[in-house]
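The structure under discussion appears below in the form of structure tokens.
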Amino acid sequence: MNYNLSQLPERTDKPREQGFTMVMDKGLSVRETEDFLEVGAPYTDIVKLGWATSYVTPNLKRKLEVYKEAGIPVYFGGTLFEAFIIRNQFDDYRRLLSEFDMEYAEVSDGSIDLNHDRKLDYIRELSKEVKVLSEVGSKDAEKIIPPYKWISQMRTELEAGAIKVIGEAREAGNVGLFRSTGEVRSGLVEEILTQIPFEKILWEAPQKAQQVWFIKLLGANVNLGNIAPNEIVSLETIRLGLRGDTFTHFLDMDNVDPDFRPEKPTGKPGTSMPRG
Numbered sequence: 001m002n003y004n005l006s007q008l009p010e011r012t013d014k015p016r017e018q019g020f021t022m023v024m025d026k027g028l029s030v031r032e033t034e035d036f037l038e039v040g041a042p043y044t045d046i047v048k049l050g051w052a053t054s055y056v057t058p059n060l061k062r063k064l065e066v067y068k069e070a071g072i073p074v075y076f077g078g079t080l081f082e083a084f085i086i087r088n089q090f091d092d093y094r095r096l097l098s099e100f101d102m103e104y105a106e107v108s109d110g111s112i113d114l115n116h117d118r119k120l121d122y123i124r125e126l127s128k129e130v131k132v133l134s135e136v137g138s139k140d141a142e143k144i145i146p147p148y149k150w151i152s153q154m155r156t157e158l159e160a161g162a163i164k165v166i167g168e169a170r171e172a173g174n175v176g177l178f179r180s181t182g183e184v185r186s187g188l189v190e191e192i193l194t195q196i197p198f199e200k201i202l203w204e205a206p207q208k209a210q211q212v213w214f215i216k217l218l219g220a221n222v223n224l225g226n227i228a229p230n231e232i233v234s235l236e237t238i239r240l241g242l243r244g245d246t247f248t249h250f251l252d253m254d255n256v257d258p259d260f261r262p263e264k265p266t267g268k269p270g271t272s273m274p275r276g
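UniProt numbering applies: residue 1 is where the sequence shown begins, and numbers increase by one.
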């Protein structure tokens, strides 16, 4: 870092299991990719080429080389996987991963109704060749999945070979884990965490308020995804308590300048002490 500050939460080092940040590339040019990586590479663990944007992105191979030179793994969005599956082109999809030397693949069913046993078969098959990220949740805002089913699907997909499970939110952050307003379905998240290991979940959280919510709940080293390239530095400051939203969250208030310590209630008459 550029200078010293005390009382910052400890961030994990790359390659990391916790504090993992997935950036969504929705069609950056080669030059835009280079500009993004100049500042964002230290804070980016993996990049997703959103949905099926890779099909229409010019100079795709060169862009993938730029990411590889920076040591940032890349994978195709789950919607592309679904586009191949619905067309009965799974073998073509596997060849695509090989052609572009992909180390990761996403298996999802957010846009199609895919039998879960068949989804598990795809995870098992692909995990023999690449590291699999599996996504749970629907892109259909009208389709509400109960918590027990989220938990069951996450558990079985990890058992099938996924290295992490992704909580669906879309690029806008208004489905799946979130209500249409972007508000977190907090009960759902907390119930999932009673059964699925914290480090195995990658929460899609494209909106700042969502990122703040997860960091306050789970700390600086929560796994977050669908982060816009121009928001990666901002997210890192939120993780460290260096933006207003989390400014005091990680501070030990007994060890800050006394002028900034919260007043402690005295219990004297006329004060607002709670009554027993």
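Every residue, glycine too, gets a C-beta built ideally from N, C-alpha and C.
Could you tell me which whole beta strand (DSSP E) segments of length 3 or greater appear in the stretch 130-183? 131-136 and 162-167
8 Å Cβ shell around E34 - same chain, five flanking residues per side excluded: Mapped onto the sequence shown, residue 34 falls at position 34. Taken in chain order, the residues that qualify are V66.
Status (buried if at least 16 other CB within 10 Å, exposed otherwise) for S186: Position 186 of the sequence shown, counting from 1, holds the residue named residue 186. So S186 counts as exposed.
Under 8 Å between the Cβ atoms of K200 and K164? Translated into positions along the sequence shown, residue 200 becomes position 200. Translated into positions along the sequence shown, residue 164 becomes position 164. Yes, they are a contact pair.
Buried versus exposed call for S54 [16 or more other C-beta atoms within 10 Å across all chains shown]: Counted from its first residue, the sequence shown places residue 54 at position 54. Looking at its Cβ environment, which holds 16 or more other Cβ atoms inside 10 Å, S54 is buried.
Please classify F36: does DSSP put it in a helix, a strand, or coil? As a working mapping, residue 36 is identified with position 36 in the sequence shown. Of the three classes helix, strand and coil, the one that applies to F36 here is helix, per DSSP.
Bridge partner(s) assigned by DSSP for T248: As a working note, residue 248 is residue 248 in the sequence shown. Answer by DSSP bridge pairing: none, since T248 is not bridged.
Three or more C-beta pairs below 8 Å linking the stretch 26-33 and the stretch 44-60: yes
For N221, the nearest candidate out of L8, M24, E263 and N2 (CA to CA): Taking the first residue of the sequence shown as position 1, residue 221 is located at position 221. Cα-wise, what sits closest to N221 is L8.
Could you tell me which of V107, S98 and E69 sits nearest to I86, measuring between CA atoms? For this step, residue 86 is matched to residue 86 along the sequence shown. Out of V107, S98 and E69, V107 has the C-alpha closest to the C-alpha of I86.
Compare the Cα-Cα distances from K68 to each of A41, Y93, L80 and W51 and report the closest residue. As a first step, residue 68 must be located in the sequence shown, where it is residue number 68. Among A41, Y93, L80 and W51, the Cα nearest to that of K68 is on A41.
Just mark K166 as buried or exposed, buried being the case when its beta carbon has 16 or more other beta carbons within 10 Å. For the purposes of this step, residue 166 is identified with residue 166 of the sequence shown, where counting begins at 1. The residue asked about is misnamed: residue 166 is Ile in this sequence, not Lys. Burial call: buried.
Using 8 Å for Cβ pairs, my map puts E77 next to K119. What's the rounded Cβ distance? Sequence index remark: in the sequence shown, residue 77 carries index 77 (1-based). Sequence index remark: in the sequence shown, residue 119 carries index 119 (1-based). First, the amino acid is wrong: residue 77 is Gly here, not Glu. With a Cβ gap of about 16 Å, G77 and K119 do not count as contacting.
Beta-carbon spacing of F214, L202 below 8 Å: Position 214 of the sequence shown holds residue 214. Position 202 of the sequence shown holds residue 202. Not in contact: F214 and L202 (Cβ atoms no closer than 8 Å).
I232 burial status per 10 Å Cβ neighbour count (16 or more: buried): Counting from 1 along the sequence shown, the entry for residue 232 is found at position 232. By the neighbour-count rule (16 or more Cβ atoms within 10 Å), I232 is buried.
Using C-beta distances below 6 Å, list every residue in its chain close to A162, excluding the 5 sequence neighbours before and after it, in chain order. As a position in the sequence shown, residue 162 is number 162, starting the count at 1. Once the five neighbours on either side are set aside, the close Cβ partners of A162 are I123, V132 and S134.
Considering only the beta carbon of each residue, do residue 284 and E168 sit closer than 8 Å? Absent from the structure is residue 284, since the part of the chain shown begins at 1 and ends at 276.
Near K63, which residues of its chain fall below 6 Å by C-beta distance, leaving aside the five closest residues on each side in sequence? Within the sequence shown, numbered from 1, the residue matching residue 63 stands at position 63. Around K63: V30 and T33.
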